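In what follows, a structure is listed as structure tokens, so that the remarks can point back to it.
Residue numbers (our numbering): 5 to 301.
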């Protein structure tokens, strides 16, 4: 069957929601909201309030769905802030330890320093060089001017500031276990866990950057959970696992003041959660989540 539905004006979108049982007390306000938030984006949050396809639970109000949208927006902001500091710390530790391991500013250019095959390394380096040549960062242009014979190869401590989070994740993944261990130890993790977490964090960060739904998301790139007892029962496919993972790495990635504020912001958000059926099970946390050993400090 081919799709043949026509586009609907904003007011007609509101009326469609109303016909499905959503209580809308202010039509103009609802129309204005859908002029700012795409109907298809909004409809993803409506699913939590339906008892059947396109049939809302009796009494469900437009404002409840809006509150869930706004909750998810704030959740993305908090998660993004935490990941930003984790990413910066991993960039720092990676550049420092990798360059010192080989006593070579360009150690990342040598495929012999990695356990991945030469093809993967060549693709990774080619991507890095491409982004280096495109960069307008002053430190890149400075290096190109002063060391034209080396360019587009740059020292690893410059390279980590150019590469994407995804490329950084591959950098760590492609290393020999010896170098991985040193970096992972700074975050009190085993190498396979760190590699998995970075891959998952990159995926989550992209969700946040594109303003996609994080709430009730089944993670297609989920973090590997440590074998420690406190991780038992955590669902790696839900955002709750990522919350606990960030909480483990963040105090080792930022100053105490930011870490305390990040925790306060998340606790405040969850303590003032929207009225949503099955809220805790959909986010992968339980009602007493703040007392969990993975959150307590």
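Idealized CB from N, CA, C, for every residue including glycine.
Remember, predicted model here, so these are calculated numbers, not experimental data.
Whether residue i touches residue j by CB criterion (8 Å)
| i | j | result |
| --- | --- | --- |
| residue 228 | residue 196 | yes |
| residue 132 | residue 111 | no |
| residue 251 | residue 289 | no |
| residue 161 | residue 213 | no |
| residue 204 | residue 223 | yes |
| residue 125 | residue 178 | yes |
| residue 169 | residue 209 | yes |
| residue 294 | residue 271 | yes |
| residue 60 | residue 38 | no |
| residue 12 | residue 20 | yes |
| residue 287 | residue 242 | yes |
| residue 113 | residue 129 | yes |
Alpha carbon of residue i to alpha carbon of residue j, nearest angstrom
| i | j | result |
| --- | --- | --- |
| residue 85 | residue 249 | 14 Å |
| residue 152 | residue 166 | 18 Å |
| residue 155 | residue 109 | 13 Å |
| residue 104 | residue 94 | 15 Å |
| residue 301 | residue 207 | 27 Å |
| residue 150 | residue 143 | 11 Å |
| residue 121 | residue 181 | 14 Å |
| residue 157 | residue 175 | 15 Å |
| residue 40 | residue 72 | 15 Å |
| residue 145 | residue 159 | 13 Å |
| residue 264 | residue 81 | 16 Å |
| residue 147 | residue 230 | 41 Å |
| residue 275 | residue 266 | 14 Å |
Option nearest residue i by Cα separation, candidates the options
| i | options | result |
| --- | --- | --- |
| residue 69 | 289, 295, 290 and 283 | 283 |
| residue 172 | 74, 38 and 90 | 90 |
| residue 258 | 6, 71 and 96 | 96 |
| residue 225 | 202, 214 and 217 | 202 |
| residue 76 | 100, 253, 49 and 107 | 49 |
| residue 79 | 295, 216 and 296 | 216 |
| residue 221 | 240, 160 and 230 | 240 |
| residue 58 | 134, 31, 17 and 87 | 17 |
| residue 101 | 117, 30 and 291 | 117 |
| residue 190 | 242, 218 and 254 | 254 |
| residue 269 | 83, 38, 20 and 22 | 83 |
| residue 302 | 138, 137 and 115 | For the chain, the structure presents residues 5 to 301; residue 302 sits outside this window and is missing. |
| residue 74 | 273, 92, 287 and 107 | 273 |
| residue 246 | 198, 47, 147 and 264 | 198 |
| residue 88 | 256, 291 and 286 | 256 |
| residue 218 | 34, 8, 46 and 33 | 46 |
Whole alpha helix (DSSP H) elements within the region 39–103, 4-residue minimum: 43–50
Inside the region 206–269 only - alpha helix (DSSP H) runs reaching at least 4 residues: 243–253
Touching by the beta-carbon criterion (3+ pairs, under 8 Å), the region 224–243 and the region 265–281: no
Three or more C-beta pairs below 8 Å linking the region 50–62 and the region 174–186: no
Touch test, the region 25–36 against the region 59–68, Cβ-Cβ under 8 Å, three pairs minimum: yes
Whole runs of the alpha helix (DSSP H) within the region 93–156, excluding any shorter than 4 residues: 122–138 and 142–150
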